[in-house]
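Visitor:
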Amino acid sequence: MASFFDKYITSVQNTETILYTGTVKAVKGMLIESNGPRSVIGEMCTIKLMRSGETVLAEVVGLDGTTVQLMPYGETKGIEVGCQVVASGHVLQVAVGPELLGRVIDATGKPYDGKADIVSDTFYSAIASPPSPLDRKPVSERIVTGVRAIDSMLAVAKGQRLGIFAGSGVGKSTLLSMIARNTNADINVIALVGERGREVIDFIQRDLGEEGLKRSVLIVATSDQPSIARLRAAYTATAVAEYFRDQGKDVMLMFDSVTRFAHAQREIGLAAGEPPAQRGYPPSVFDLLPKLLERSGTSKKGTITGFYTVLVDGDDMDEPIADKVRGTLDGHIVLSKALAHKAHFPAIDVLSSISRLSKRVSGEQTQFSVMQIRRKIALYSENEDMITVGAYQKGSSPAIDDAIESHAAIDDFLMQDEYAPAPLEETLTRLGQLAGVEIPKEEFNTDLKKSFSNVEEPLSEK
103 MASFFDKYIT
113 SVQNTETILY
123 TGTVKAVKGM
133 LIESNGPRSV
143 IGEMCTIKLM
153 RSGETVLAEV
163 VGLDGTTVQL
173 MPYGETKGIE
183 VGCQVVASGH
193 VLQVAVGPEL
203 LGRVIDATGK
213 PYDGKADIVS
223 DTFYSAIASP
233 PSPLDRKPVS
243 ERIVTGVRAI
253 DSMLAVAKGQ
263 RLGIFAGSGV
273 GKSTLLSMIA
283 RNTNADINVI
293 ALVGERGREV
303 IDFIQRDLGE
313 EGLKRSVLIV
323 ATSDQPSIAR
333 LRAAYTATAV
343 AEYFRDQGKD
353 VMLMFDSVTR
363 FAHAQREIGL
373 AAGEPPAQRG
383 YPPSVFDLLP
393 KLLERSGTSK
403 KGTITGFYTV
413 LVDGDDMDEP
423 IADKVRGTLD
433 GHIVLSKALA
443 HKAHFPAIDV
453 LSSISRLSKR
463 VSGEQTQFSV
473 MQIRRKIALY
483 SENEDMITVG
493 AYQKGSSPAI
503 DDAIESHAAI
513 DDFLMQDEYA
523 PAPLEETLTR
533 LGQLAGVEIP
543 KEEFNTDLKK
553 SFSNVEEPLS
563 EK
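Every number in the working numbering is 102 more than the matching position in the sequence shown, counting from 1.
So this is what it looks like as structure tokens:
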């Protein structure tokens, strides 16, 4: 019988017996100002509507003397001057546990899929600090994504964080769905921030599928939801990933997209009176980004491997958000519009992409093969115009001749159907064949720390 009363006991334990209250004095767009209550930044409050008796959840985003600035998680409709504001005494907390698997939740951790409430006596704070650098386990194992171009040319380590940079409509969401279905991670945590409502159901039913959903948790805040909901969805997703990491799991965190997270904070910052800085973004955006991104990675117990998509406006890789994210993460994957226009999917531009930890988790023959393929791609790219117009004469350069002969086979290798599986052994075998070497079977293992403990670090890390 104890389990029957668990949710009631938890509810009583979490009840605040002494409440701090205030009253609404102004509503300015999406910002609500109130006299009181006594509260701290990030604290959750409840606004009680006088006419309907309903409540609206809001969060403290600014303090100005006795004036408290709040952002609602719902509509401001029905809020009027004099509405009571009740402080909760805590920041946003998320109920976590194995019950989350297969579920879709919103920015506050509540069910978004119409199913039963998530009952748990374990709560994680959505706003948390990253693990201490000295408490992180060294990166030593490869994680399989099931995407041939990544597993071969851009090997990813457990606990690594990579950005996926692309313009709109180039295949970011499709690439994430391929990883979600095929990765060997224990758990998928997927954050869909600022997405269209149609894309959410498409991702769940078409891209992820029933089998993929069973080992996944989705956190959703669509584009029509308030800024604070879109912002906090990112924190809630990270908190859920941290819970599973603390259980010793290898977690794959997929975040789409960092750009819309930054847009949400820009809206909040400007509404709260922050001055615009770089391209209209207030300073708080660039303060929050590394604090969020650093929460993933390894810990003493498990790992969170992060893939963060970045919407690059006009293919400008040096715009403020792209530049900040690229400098914070452990590598970047660039999706090319030019490749997408040629029906080359996934449209990964191998030459523009880098995985800074690839040499730690791949063997010597694999590394040699990658370098050979990169050279052939680069050589063909440099001479593509001459080759296309027929200005290049065969025999002028043996290296260019080889690059031309290998071009079709390399393109075929890097292209992959959305639902086609790509086992690691098959991927590395084909990689070796393209480079003219045989990759030994021990390099197919995801844990190479015993066989390849003295692999040279990438130049970018020296």
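Cβ atoms here follow ideal geometry from the backbone N, Cα and C, with glycine treated the same way.
Per DSSP, which one or two residues make a beta bridge with Leu133?
Guide: Per DSSP, Lys130.
Visitor: Quick test of your reading: Leu355 and Ile450, contact by CB under 8 angstroms. State the CB separation rounded to the nearest angstrom.
Guide: The Cβ separation is near 20 angstroms, so there is no contact.
Visitor: Kindly examine the ligand ATP and report whether one of its heavy atoms sits closer than 7 angstroms to the Cβ of Thr531.
Guide: The ligand ATP is not among the ligands present in this structure, which contains no ligands whatsoever.
Visitor: Considering only C-alpha positions, which residue in the set Gly299, Glu301, Lys260, Ile252 is nearest to Met280?
Guide: Per the Cα distances, Ile252.
Visitor: Could you work out which residue in Val241, Pro240, Glu201 is closest to Asp223 when comparing CA atoms only?
Guide: Answer by Cα proximity: Glu201.
Visitor: By how many angstroms is the C-alpha of Ser499 removed from the C-alpha of Ala493?
Guide: Approximately 13 angstroms, taken between the alpha carbons.
Visitor: Go ahead and pull the three-state DSSP assignment for Met517.
Guide: Correct three-state label for Met517: coil.
Visitor: Counting only runs that start and end within the region 246 to 327, where is the alpha helix (DSSP H) found for 4 or more residues in a row?
Guide: Entirely contained in the region 246 to 327, the alpha helix (DSSP H) runs reaching 4 residues are, in chain order, 250 to 255, 274 to 284, 299 to 304, 311 to 316.
Visitor: What did DSSP end up calling Glu432 once you bin it into helix, strand or coil?
Guide: The sequence given here places Asp at residue 432; Glu does not occur at that position. The answer is coil: DSSP assigns Asp432 none of H, G, I, E or B.
Visitor: Between which two residues does the alpha helix (DSSP H) holding Met473 run?
Guide: First-last of the alpha helix (DSSP H) with Met473: 466 to 484.
Visitor: Hey, could you find the ends of the beta strand (DSSP E) Lys150 is sitting in?
Guide: First-last of the beta strand (DSSP E) with Lys150: 145 to 150.
Visitor: What is the DSSP secondary structure of Met488, reduced to helix, strand or coil?
Guide: Three-state DSSP puts Met488 in a helix.
Visitor: Would you say the region 392 to 412 touches the region 237 to 253, given that touching needs at least three Cβ pairs under 8 angstroms?
Guide: These segments touch.
Visitor: May I ask you to verify whether the region 179 to 196 touches the region 319 to 338, counting CB pairs closer than 8 angstroms and requiring at least 3?
Guide: Output reads yes: the region 319 to 338 touches the region 179 to 196.
Visitor: For the candidate residues Ala537, Leu536, Gln535, Thr531, whose alpha-carbon lies nearest to that of Glu544?
Guide: Of Ala537, Leu536, Gln535, Thr531, the residue nearest in Cα terms is Thr531.
Visitor: Any chance the region 420 to 431 sits against the region 375 to 392, with 3 or more Cβ pairs inside 8 angstroms?
Guide: Short answer: they touch.
Visitor: Given a threshold of 16 other Cβ atoms within 10 Å of its Cβ, counted over all protein chains shown, does Ala128 qualify as buried or as exposed?
Guide: Ala128 should be labelled exposed.
Visitor: With C-beta atoms as the reference, is Lys478 less than 8 angstroms away from Ala510?
Guide: No, Cβ-Cβ distance for Lys478 and Ala510 is not below 8 angstroms.
Visitor: Measuring CA to CA, which of Ala524, Tyr410, Ile289 is closest to Lys274?
Guide: For the residues Ala524, Tyr410, Ile289, the minimum Cα distance to Lys274 belongs to Tyr410.
Visitor: According to DSSP, simplified to helix, strand and coil, what is Phe447?
Guide: Three-state DSSP puts Phe447 in coil, outside helix and strand.
Visitor: Can you have a look at Thr210 and say buried or exposed, based on whether 16 or more other CB atoms are within 10 angstroms of its CB?
Guide: When all chains shown are included, Thr210 counts as buried.
Visitor: Could you check whether the region 337 to 345 touches the region 216 to 234, counting it as contact only if at least three pairs of C-beta atoms, one from each stretch, sit closer than 8 angstroms?
Guide: Contact between the region 337 to 345 and the region 216 to 234 is present, because at least three Cβ pairs lie under 8 angstroms.
Visitor: Just to confirm the assignment, what range does the alpha helix (DSSP H) spanning Ser190 have?
Guide: Run containing Ser190: none in the alpha helix (DSSP H); it sits in the beta strand (DSSP E), 186 to 193.
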